[in-house]
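In the working numbering, the protein residues as written are 230 to 488. Report on the structure given below.
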Amino acid sequence: MKKILLTIIFITISSKLLACSCRIVPLMDRIPMSDFIATAKILKISPDKENSNLHDIQIEIIDLYKGQQTSNLKIYSALNSSCAFYTPENSEWLIFASKNKNGNLSFGYCSGAKQIDRKFNSEKYPYAEKNYKKSIELKLQVLEYLKKSELQTSNEFGLRTSFSNGCLKEFKGYEVKTDRFALYELTVESDLSISEVKALKEFDNENLKNDLLNCVKESVKIYTRKKETDISNKTKIIIGLYYYASERGNESFIGQFDL
């Protein structure tokens, strides 16, 4: 399992991370943070006339998952920094963009965007491209499900979650045949306690369902970015769990991150 995780982490976070650090944000946290989510082809890229840290891009949307139709975005390119970011013309991307202080939809190195048609050196990194594609497919699978089911994701207080008792480690060696993700809705009280857990979508393995739901109920803890002990009102958030199949002698497992 450790070898699989190391490979996935390598392809998810480029080597530039040594100089430019981005927090790993779970997909179900990333979605509420974003004003625009889509897969798109980059048609044209040009320097912003007023800000040297930005580039203007023209896109052709392939699939829209959140936000309004648009053909123009900005990227925070910052080409002279350790967080330099660029989207080549004719490349295809999964884009997570947010409105900047000027109201323009923009994204950058730490925004969660992924180049769909990225290529790897197969001799140097024999498993990188395969695992990278699996990571993209998982994200798209979740986004397609949310779109078709019309599930609204929100996180008004920027709440974060963790599993406190390590129960996820118990779910090794199971087989899941269809979708590789499960979704759970948490009702969070003002004191950050969880009053209800509802399974919105479960794995297709019957032996997993009840035990995994109990794991979520008993183990998930809520906290805020600034470590506050309460919020102003009751709220609901959705979290995801993800299935990683057995590979190269390692058992399958369930994880919190869509790597």
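For glycine and all other residues, C-beta sits at the position ideal for the given N, C-alpha and C. The model shown is predicted, which means the values in this text are computed figures rather than measured ones.
- Secondary structure at LEU283: strand, using DSSP grouped into helix, strand and coil.
- Linking CYS339 to CYS251 through their CA atoms gives a straight-line distance of about 5 angstroms.
- The stretch 443–458 makes no contact with the stretch 368–384; the number of CB pairs closer than 8 angstroms stays below 3.
- ARG389 is the residue among GLU418, VAL426, ARG389 whose C-alpha sits nearest the C-alpha of MET262.
- For ASN439, the enclosing alpha helix (DSSP H) has its first and last residue at 435–448.
- Judged by their CB atoms, GLN298 and TRP322 are not nearer to each other than the 8 angstroms cut-off.
- Taking the Cα of LEU283 as reference, the smallest distance to any Cα among ASN301, LEU293, LYS295, THR268 is reached at ASN301.
- Sequence-distant Cβ neighbours of LYS438 in its own chain, meaning closer than 8 angstroms and more than five residues away, are ALA428, GLU431, PHE432.
- Boundaries for ILE260: no beta strand (DSSP E) harbours it, while the alpha helix (DSSP H) harbouring it runs 256–262, taken from the DSSP string.
- Taking the C-beta atoms as reference points, GLY469 is found nearer than 8 angstroms to LEU256.
- Runs of the beta strand (DSSP E) lying entirely within the stretch 290–357, each at least 3 residues long, are 301–305, 321–328, 334–337 in chain order.
- Under DSSP, the beta-bridge partners assigned to TYR413 are ALA428, ILE468.
- As the crow flies, the alpha-carbon of ILE460 is around 34 angstroms from that of THR268.
- Shown here for ARG259: same chain residues with a beta carbon closer than 8 angstroms to its own, the five before and five after excluded, namely PHE325, GLY341 in chain order.
- Secondary structure note for PHE482: its beta strand (DSSP E) is the uninterrupted segment 482–484.
- Contact annotation: the stretch 394–404 does not touch the stretch 356–367, with fewer than three C-beta pairs closer than 8 angstroms.
- Minimum Cα-Cα distance from GLY402 among the listed residues GLY484, PHE392, LYS303 corresponds to GLY484.
- Assignment of beta-bridge partners to PHE392 by DSSP yields VAL449.
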